[in-house]
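Numbering (the working numbering), first residue to last: 11 to 324.
Put into structure tokens, the structure is as follows:
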């Protein structure tokens, strides 16, 4: 499996390189093989005119000029390019630039142009998911036997970004717990119950009393379980991290199989939370999730304690 060749060094060649595919996790994996994204001038595509200005102003002959990395260049997904879009594409081809396109089917004008270097990120499939899981587990130093990988292949989605995030949770389990398929399914199960939105909203709005009352109301009658809530909240925080650097007007151009209005709401809700705070909370959620599954009788108490710590983060 893969979405390109082996790791290569970035060479100043003033040519256009395109990395495309529907799996953003695979795109980032390929980018890290091609170059150091942190050493590039990174741009999120908004419209053709603004992109053209960025490219036109790039001084190709300055010694300190950085390659441009353009994320989600969505106008290159369609075949009927306008005159302005064709002109922008022509300029990109003469620029030291790497472009990402969040689609498996970019424009024919791009695909058929031999002057453009292209890396197609082939989606994870039933034939490749075992290899993907094995590779991701090895990176995380997670010891998974073949039977366990077979089992994970039946419950994990075909998306590298999601697979990597889910496997990170397993690093919190003991060797014995890794062999417990029920524990694995409980830890990796993905819930998005709409009722939980009330609790997450109360927490983000720092409404402590309301949040604690909602815990009693939602969990004691067994309408929901604490792990369901934690899974949903962890997903929200991960999305908040992902959209933190995205300009609000660019959210609707992201193709993450997530409702863009939800992404915009998440971005707004967590705008005052730093990257470090979000990351710390995600790690705390995973640790609490494991602790709850080991001590189910203390679930509500542990969850209330976590919620109070959540407020203390601000």
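Positions of the beta carbon are idealized from the N, C-alpha and C atoms, including for glycine.
| Check | Outcome |
| --- | --- |
| Cβ distance (whole Å) where residue 316 is taken to contact residue 294 below 8 Å | 7 Å |
| Status (buried if at least 16 other CB within 10 Å, exposed otherwise) for residue 240 | buried |
| DSSP state of residue 54 mapped onto helix, strand, coil | strand |
| heavy atom of the ligand ZN below 8 Å from residue 260 C-beta | The ligand ZN is not part of the structure shown, which contains no ligands of any sort. |
| Assigned secondary structure, residue 130 (DSSP; H/G/I helix, E/B strand, else coil) | strand |
| Pairwise C-alpha distance: residue 155 and residue 107 | 41 Å |
| Distance between beta carbons of residue 93 and residue 125, contact taken as under 8 Å | Contact doesn't hold; Cβ gap of about 20 Å is too wide. |
| Buried or exposed (CB count within 10 angstroms, at least 16 for buried), residue 202 | At residue 202 the pLDDT is 39, less than 50, meaning the model places this residue with poor confidence and gives no usable figure here. |
| Rounded straight-line distance, which links the Cα of residue 82 to that of residue 62 | 15 Å |
| Continuous alpha helix (DSSP H) stretch holding residue 142: start and end | 139-149 |
| 6 Å CB neighbourhood of residue 250 in its chain, flanking five on each side removed | 276, 280, 288 |
| Exposed unless 16 or more other CB atoms sit within 10 angstroms - verdict on residue 210 | buried |
| Residues of its chain near residue 204, where Cβ-Cβ distance is below 7 Å and the 5 sequence neighbours each way are ignored | Reliability of the predicted coordinates at residue 204 is poor, the pLDDT of 44 falling under 50, and the value obtained from them is presented with this limitation in mind. Excluding sequence neighbours, residue 204 sits near nothing in its chain. |
| Among 318, 77, 25, 27, nearest to residue 220 - alpha-carbon criterion | 318 |
| For residue 115 and residue 43, the rounded distance between their alpha carbons | 22 Å |
| Limits of the beta strand (DSSP E) - the one that residue 248 falls within | Residue 248 -> not in any beta strand (DSSP E); alpha helix (DSSP H) instead, spanning 236-253. |
| Beta-carbon contacts of residue 182 that lie in its chain and below 7 Å, excluding the five residues immediately before and after | 296, 297, 300 |
| Residues that residue 26 bridges to, as DSSP identifies them | 107 |
| Close-in-space but distant-in-sequence residues of the same chain around residue 86 (CB under 6 Å, 5 per side omitted) | 111, 116, 117, 120 |
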